[in-house]
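Asker: Residue numbers (the working numbering): 875 to 922.
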């Protein structure tokens, strides 16, 4: 068995693949930039 601690893998955006500012709530896994582009299609009323 390895004595090294496991490294956490940062969440990736499903759409563009970036690891920065990924929204994980509701299991979206989409970065904020992609979210703003597709929020209307997802049904988020604030961005309509």
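Glycine included, C-beta positions come from ideal geometry on N, C-alpha and C.
It should be emphasised that the depicted structure is a prediction, and the values quoted were computed from it without experimental measurement.
Suppose you measure from the CA of residue 832 to the CA of residue 906; what does that come to, to the nearest Å?
Answerer: Any question about residue 832 goes unanswered here, given that the chain covers just 875 to 922.
Asker: May I ask you to report which of helix, strand or coil DSSP gives residue 908?
Answerer: Of the three classes helix, strand and coil, the one that applies to residue 908 here is helix, per DSSP.
Asker: Could you give the C-beta distance for residue 903 and residue 888, rounded to a whole number, given that I count them as a contact under 8 angstroms?
Answerer: Correct: roughly 5 angstroms between the Cβ atoms.
Asker: Identify, in the order they occur along the chain, each residue of the same chain with its Cβ nearer than 7 angstroms to the Cβ of residue 898, setting aside the five sequence neighbours on each side.
Answerer: Excluding sequence neighbours, residue 898 sits near 885.
Asker: In chain order, what residues of the same chain lie with their CB nearer than 6 angstroms to the CB of residue 922, ignoring the 5 residues before and after it?
Answerer: So the qualifying residues of the chain are 914.
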